[in-house]
Amino acid sequence: NWTHRNKLGRVDIKVGVAYGSDVKQAHAVLLEIARGHPLVLKNPEPFVLFTNFGAAALEFEIRVFLADVLNGNIVQNDIRFAVLDAFADQHIEIPSAPRAVVETKKDAAWPIDDDKIEVDFAEQEQAKAEAVAEAKRLARSGRKTRKPDPD
Numbered sequence: 067n068w069t070h071r072n073k074l075g076r077v078d079i080k081v082g083v084a085y086g087s088d089v090k091q092a093h094a095v096l097l098e099i100a101r102g103h104p105l106v107l108k109n110p111e112p113f114v115l116f117t118n119f120g121a122a123a124l125e126f127e128i129r130v131f132l133a134d135v136l137n138g139n140i141v142q143n144d145i146r147f148a149v150l151d152a153f154a155d156q157h158i159e160i161p162s163a164p165r166a167v168v169e170t171k172k173d174a175a176w177p178i179d180d181d182k183i184e185v186d187f188a189e190q191e192q193a194k195a196e197a198v199a200e201a202k203r204l205a206r207s208g209r210k211t212r213k214p215d216p217d
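Quick note on numbering: the sequence shown equals residues 67 to 217 in the working numbering.
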């Protein structure tokens with residue numbers, strides 16, 4: 067139990083900012099939010115790091131210290147809401163994950179030939195398995211399997 071004697075702890079909040087945003091402004095806004103939360107300690111002082119040039123965002127991390135780290139989830143929640151409000155006011159964009167749009171056509175019986183081949187193969191395998199199961203069932207009952215009619 068890490069909080070046995072001392073509940074002091076640090077909480078980290080990751081924030082992504084859209085490319086093209088003013089990173090110094092974003093940094094200042096995040097630091098102001100962290101300093102303004104009533105549960106965040108003044109000493110050690112909260113700080114903000116510009117941690118990475120991510121694939122979809124400029125990545126920041128807010129680090130704050132709390133007298134009782136068990137309040138961490140509440141503080142993270144409050145700070146995230148404050149970030150959304152402040153970024154909206156300052157016109158700083160938080161990027162969303164890129165999404166692929168896939169269109170499907172109801173009328174297309176088989177959109178890809180591979181799908182039809184896979185279904186045919188699965189049906190053949192199932193027919194083979196059923197034939198083997200039937201042969202085993204007949205073997206247990208002592209009857210012979212039917213031979214196909216000559217053509």
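We put the beta carbon where it would ideally sit given N, CA and C, even for glycine. Please read these numbers as outputs of a predicted model, since none were measured by experiment.
For Asp78, DSSP records a beta bridge to Arg129. Judged by DSSP in its simplified three-state form, Val141 adopts helix.
The distance from the Cβ of Ile160 to that of Val83 is about 7 angstroms, consistent with a contact at the 8 angstroms cut-off. Contact between the region 76 to 93 and the region 136 to 155 is present: three or more C-beta pairs spanning the two stretches fall below 8 angstroms. Distance between Ala92 and Pro104, taken at the CA atoms: about 21 angstroms.
DSSP places Val168 in the coil class of the three-state scheme, outside both helix and strand. Across the set Asn118, Ile99, Ala121, Leu124, the C-alpha of Ile99 shows the shortest separation from the C-alpha of Pro112.
Ranked by how close their Cα comes to the Cα of Ala148, the residues Gly102, Val89, Arg71 have Gly102 in first place. Taking 8 angstroms as the cut-off, the Cβ atoms of Val106 and Val81 do not count as close. Secondary structure at Leu136: helix, using DSSP grouped into helix, strand and coil.
The alpha carbon of Phe126 has as its nearest neighbour, out of Asp151, Asn143, Asp155, Leu96, the alpha carbon of Leu96.
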